[in-house]
Each structure stands twice: as C-alpha cells, then as structure tokens.
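Please read the structure below before turning to the comments.
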Amino acid sequence: MKRRASSFKADSGREPRSAFGRSRLAYALLTAGLLVVVFPFVWTMLASFKPEGEIRQNPPTLLPAEWTTSNYTGLFERMNMGTAFLNSAIVAIALVVANLLLCSMVGYAFAKLRFRFRNTLFGLVMVQMMVPAIVVMVPQFVLIAKLGLVNTFLGIVLPFIVAPLGIFMMRQFIADIPDELIQAARVDGAREFRIFFSIVLPLCRPALATLGLITFMTSWNNFLWPAVVAQSEDMYTLPVALAIFSNAQATQYGLLIAGAVVVVAPILLLFLFLQRYFVQGIASTGLK
Amino acid sequence: MKKKYAMGLLAVALAATACGRDSGGTADEAQAVDTAKASGTVTVWAMGTEGEKLDAFAQRFEQANPGITVNVTALGWDVAHDKITAAIAGNATPDVSMIGNTWMGEMVKTGAIEPTPSGLVDQNAFFPGAWGTGVIDGAAYGIPWYVETRAFYYRTDLAKDAKAPATWDEVTAFAKTLKDNGADLGVEQNFRIGSWQEVAPLLYQAGGDFQADGKWTLDTPEMLQALEHWGSFFKDGLSVTTQPNGAFPQTFVKGRVGAFYSGPWMITSMEQEGGAGFKDKFTVAPYPKGPAGGTSLVGGSNMVVFKDKPNRDAAWKFLTWLTDPKVQAEWYTTASALPSVEAAWQEPALTADERVRVFGEQLKDAKAAPPVPTWEQVAKVMEAELEKYALGKQDSATTAKRMQEQAEQIGTGA
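Quick note, the sequences are listed as chains A and B, same order.
Using my numbering, you'd call the opening residue of the first sequence number 11 and step up by one each time.
Using my numbering, you'd call the opening residue of the second sequence number 2 and step up by one each time.
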C-alpha cells in the first residue's frame, strides 16, 4: 500500500514535462476548462466586495467598481458568526473522528472477518446509499426527538457517525491488505482489536485521510439536517445561520455571498494542505 | 433473502413515520385562555427579517409583562417548512410559530395547532381576507400577523400624462403608452416561480375562484378569461419571455420596463436598487378592475400556538399584544411588514407614504389562496402550466384543462 502511494507521487513528478512536449493543445483545452470551473468562484469572491446594487447590475461587472467591506462587517454585526463557526467546527470534527474509527472498523469486519450473512449485511449497507436523505429525514427526526436529542450536538451528529460510503471505501481498501499480515499477527496471539489498531489502521492512512476530508466537507456543507435539529440560534451551524438572509421577497445577496466565502474558506485551506489525498481518494474509489 | 431484508427495512421506516401525531384534528374545541396570570417562557419561531428583528422588538412586551420571557429563534424561509413539519412529527415544536399563510391548511390538518380561543381577539378588527387564511373547516387557528397584497407599480416619468389604469382594457392601452414613451416593454409579468400569484388576482377579478364546494375549479370560463387577459400582454409584445432570470428589477430602474404587479416590499427594494432620486420616478396604484371587480391576492404570515404547551396562556397573551394596532404600526416601522389589523392603518407611520396607503386600500378588497393542505402542490402544477402558456407552447384552454386534471389528481387533502 505504501508503495502505491509513493509511486503515485513519482508519476505526478514526471508526467507534466513529457505531456507538455506532446501536446500544447491539451494544455490549452485544460486551461479553458479550468477557467470555466474557476470563474464563478472568482466572481463570487469579487462580488463579496461589491455593494448590493452592483451585484445585481446588468451588465454585470467583474472587478468591483466600488470596493467595500460592508458585506463582511454587516455579516459579523448581524449574526453571531463566531458561535456558528464554532458549532460547525465541533460537528465536523466529531463526525470526522467518529467516521474514521467506525467506518474502518466496520470496513475491516466486512473485508477480513468471516461470519454469516456477511454479504447480505454489506448489501444492506450499500442499499442505504441509494435512499435519498430527504426521504428518511422526518422518521429520523422523530427518532431523535424521542431520544430527547433535539437541539443538541449529539442529535445533529448521531445519524451520520457512520456513513455507508465510508464503510464501502474502507472495506475496499482493507481488502487489499495481504491476509498473511493479519494471519501472522493472529499466530503471534494478537486479538482482533490489537490486529485492527496496530496493523490494519496504520496501513490505512491514505484512505483515512481521504475519508476524513470527505466527511469534513459533507458535514461542513450539510444544511437540512442541522437546520431541522438545531432549534435555537446558539446551536446553528454556518449554513443554517446564513439561510436566515435568504428571504422570500428580498434576498440580501451581498450578505449571502460574503457568508458563502467565509464558509468556503476553511475547506479551501484544508484542500490546499491535503490535496494529494483528495486526488488519491477519487482515484481509488473510482477504480476498484 | 436480500428482498426480505429490504422489506423489513421498509416496514421499520413506515412504522417510524407513523409515530407522528394523529392526523385529522378537525373537531377541535377552542379552550379559554386566562391571560391575567400568564407567565413563563414562550419560545417563538419566525422566518427571515421578521425572525431577526422580533427578539429585540418583543422586549417591550416582556417589560410590560414581568414573568413572561419571549425567546425568538430566527429560521431561513428555505428550511422553515421542513423544519416545522418535522417538529410537528417529532412533537418537538416551539410554543408559537410564524406560518406562511398558504401553509395554514396543511399545518392545521396535522392536528398540532390550537384553535383560536373565542373572545380573545375580535375577528372584525382584521382585514377579512387576512382572517380568512386562518379559518379551516369553519374553525379559526392562530392570528394573522402581517399581510401583503399585490398592486400595480408604474414609472410616472414614462406614463407622462396618462392616468393610472382603472380597468383591464385601460391597462393594455396604458402599457402601450409606456412603450411609446420609451419603455422596451409595457409591463413585467412573472411566468416562472410564483407565477400563480400573477394570475390569482386576475381570476378573482374575473369572478372566479380556485375552488368551489371543496372541488378544484381551474378550468372555468372565468379562469379562461383571466388567462386570456394575462396572455394577451405576451402575445402583443407588451410583456416578454425572453429576459434572463433576475434582469428585473434593474430593468425597471433603467426604464426598460414601465410597470409591474407586486407587493409592498418592492417600494423599499426599488428605492434601494434605484438609488437617490428614484423614489420620485414611480408610484403605486390599485389593481385595475376586471369584469367582477378589483380583488387582489392577500398573502402574509400568521402566528399560531401549538397544542399541549404549558405556557399557552402566555403564548396567547403575546399574540394578542402583537395584534394591538399601535404595536402593529411600530412593527411596520421595524420590519416593513404591513399590519393585518385595519385600525393600525390610521397610525401616522402608515399614512405618511401615499404608496403604502394604496396597499391599505387594496387590502380591503383582497382574498387569500384556498387554505387547503395540498395548495403548495397545486400551485407548483399551475406554475409549470403557466410557464408553458406564457412561452406560447399551449393555448389557454389546454392550460386550464391541464391544471384542472392535475389538481384533481392531487386532490384537496380533505
């Protein structure tokens, strides 16, 4: 596994040079594609510094004709951004920790342990991926309400502590770990937990990084569930708090756009640091 | 084997859904309220701007009523519907919530909302159209909090000497005048999301309604008349369907659009969009009258109290306070929400602006959308068919027929 990770790195070091020689056209196309993808984002960033009227001006401007930070100051004045930011962070970090631990445990069981109905159970887990979240929202809320967890962090977090996609990813990854390693540990007298924590988990680092990143992102952007469970403003996460500005008649785009930039910033930072795992994750889930 | 498990899963899911409240609470008995010794904490949900501003506004109520605390949670309109329905299903509602008045039928049908205690408020104090939004199967629920209605906006500089149109025929001529005086098109008509709100007043003005005797009536001669009138502006090139989404309201500011129908919030929006001096360039007139009068559509929000709450006395006391004419006028200056109580319109805050007064007059002749649980679904269907009609893909008869067929399939939720 480790070998694969390093070969990936070597590839990416070698490829650009040769590719450049081969095809300038490819690069021109890629650049065009990049512009198409990046442009709306750049526009958003710039728009967050425009006054409300200019945002909706037709024809639109790219660079703000009049630079202003009033959207940001307005945002922080009218909303308790600090609390919302903290809440989002607590929820996201709790979910990342829970998912890393639980998904890999379940994934390990499905990949390496033999028990009755293993495939059926795995099938059931997969079936959940097909059910749209909105369908189960109300029953799920009733359950959380009966447990007395409405308006608590636990209530916001509980339904997502182990995700089917995470189980699937971890199972596929762990299945590639040679059985001999595990058998050797067993022969040496290690119990399942010991095998899992000392041998399997350290080998899963690339997959864990990817899973952590995906979980963080999903949680950070999650809107509907936290919005339904959090019943007082001091429990609101960022997207939920921002939604107050979207009005039936007069949406305040300046505030919303500034808010969107604030929400996206941490994800962007995270991505810059963990980019390698991100790409790797997409490659590994897609190919197997 | 797999199939069996899937069935089991489905059964569990169904059982979980069934845990909600028993539906069908139509035989509700209104219980008396003792506001004298009311105390405790009242939790309130409110949407958007109202939600942001109500908490501070309610402090005056708290000062006047020691022992009662009002806790307001603001929610976004986007999530409000899902949040309230989920809260009802999970029996985790607040004491009081703001409810968009087209949702009233649906929410009351869940059986979670208390009927309005008799004698608590005088129903004649409210605009009849607004009070009607809370009356379901003959019983009243909650109170109308603020209202909005639609009227006719136009550019005074483009109209020049032309008088505001008083009838349907005059609107067409008026729109032509605006066009002759430099507007690219006469009147902006929305044919996408929310387009039913454009057609509803016309239907009322033609003498029709969405429902009669508990059945949908979307293919009546009156509906055809309304559709023909609405569609004629597209056909005559006085309204267009080729503008990009979101071009309006800037098109009005630039003078490319001469007129439009909308609610009171557009006064402030337009002043903001247009910048300094623009407020002298447009005004508001009541709806031009159709064959059966000039009835407009009334919208807005109600405040309701949920059942089985320990602090219901305090909750109702808060609602009563919100409908005091003076408080309603103050609320207008705070959140630009129009008073549902007629007497509040005598307050200086509401008589100052001529354009706002037009809405006050229009509200006396305004009617709500049918308060049935399935209204939102039927409104969606209407929007889809109206768009096809506006784009010229089907004629008025087909549009009416299709709306009626689909509405019948959806039913009235009775």
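Backbone N, C-alpha and C define an ideal beta-carbon position, used for all residues, glycine too.
The beta-bridge partner set that DSSP reports for B:K216 consists of B:A213.
Pairing B:W346 with B:R358 gives a Cβ-Cβ distance under 9 Å.
One alpha carbon belongs to B:E384, the other to B:Q226, and they sit about 18 Å apart. The segment 148-162 of chain B makes contact with the segment 178-195 of chain B: 3 or more CB pairs, one atom from each, lie closer than 8 Å. With 16 or more other Cβ atoms from the protein chains shown falling within 10 Å of its own Cβ, B:I89 counts as buried. Residues of chain B whose Cβ lies closer than 9 Å to the Cβ of A:G264 do not exist; the shortest such Cβ separation is about 11 Å. The distance from the Cβ of B:L387 to that of B:R151 is about 16 Å, inconsistent with a contact at the 8 Å cut-off. Beyond the five residues adjoining it in sequence on each side, B:D220 comes within less than 6 Å, by CB distance, of A401, K402, Q405 in the same chain, given in chain order.
The count of Cβ pairs closer than 8 Å, one atom from the segment 38-47 of chain B and one from the segment 65-76 of chain B, reaches three, so the stretches are in contact. Three or more beta-carbon pairs separated by less than 8 Å are not found between the segment 256-274 of chain B and the segment 128-137 of chain B, which leaves the two stretches without contact. In terms of Cα proximity to B:L351, the closest of B:G101, B:I137, B:L239, B:A330 is B:A330.
Residue contact with chain B for A:M91: absent (no Cβ-Cβ distance below 9 Å to any residue of chain B).
With distances taken between CA atoms, B:G412 lies nearest to B:G215 out of B:T399, B:G215, B:Y390. Not flagged as an interface residue toward chain A: B:T399, since no C-beta distance is shorter than 9 Å. A residue is called buried once 16 or more other Cβ atoms fall within 10 Å of its Cβ, and A:Q241 is buried on that count. In this chain, B:V241 is not harboured by any beta strand (DSSP E), its DSSP state being neither H nor E.
Contacts with chain B at 9 Å (Cβ-Cβ) include A:Q67. Each residue's CA atom was taken as its position, placing A:G117 and B:K389 some 50 Å apart. A:L164 has a beta carbon lying at 9 Å or more from every beta carbon in chain B. When C-alpha distances from A:P74 are compared across A:D198, A:L191, A:Q67, A:A57, the shortest belongs to A:A57. Rounded to the nearest whole angstrom, the C-alpha separation of B:A293 and A:N90 is 51 Å. Using a Cβ-Cβ cut-off of 7 Å, A:F151 is close to A87, A90, G91 of chain B, given in chain order. The C-beta of A:Q193 comes no closer than 9 Å to any C-beta of chain B. A residue is called buried once 16 or more other Cβ atoms fall within 10 Å of its Cβ, and A:W230 is buried on that count.
B:D314 sits buried, since 16 or more C-beta atoms from the chains shown fall within 10 Å of its C-beta. Within a 10 Å sphere around the beta-carbon of B:K236 sit fewer than 16 other beta-carbons, which makes this residue exposed.
Contact annotation, B:A260 with B:Y155: C-beta distance approximately 4 Å; criterion of less than 8 Å satisfied.
The Cβ-Cβ distance between B:I69 and B:T324 does not fall below 9 Å. Taking the CA atoms as reference points, B:P67 sits about 18 Å from B:V34. For the segment 234-250 of chain A, the set of positions with a beta-carbon nearer than 7 Å to some beta-carbon of chain B reads L234, A237, V238, Q241, S242, E243 in chain order. Contact of A:A173 with chain B is not assigned, every C-beta pair being separated by 9 Å or more. In terms of beta-carbon proximity, A:R201 stays away from the interface with chain B, with every pair separated by 9 Å or more.
Contact with chain A is absent for B:W332, since none of that chain's Cβ atoms lies less than 9 Å from the residue's Cβ.
Proximity of chain B to A:A94 at the Cβ level (cut-off 8 Å) is not reached, the minimal Cβ distance being about 12 Å. Residue burial annotation: B:N125 is exposed, with fewer than 16 other C-beta atoms found within 10 angstroms of its C-beta. Only those residues of the segment 37-71 of chain B whose C-beta falls short of 7 Å from the nearest C-beta of chain A are listed: G49, T50, G52, E53.
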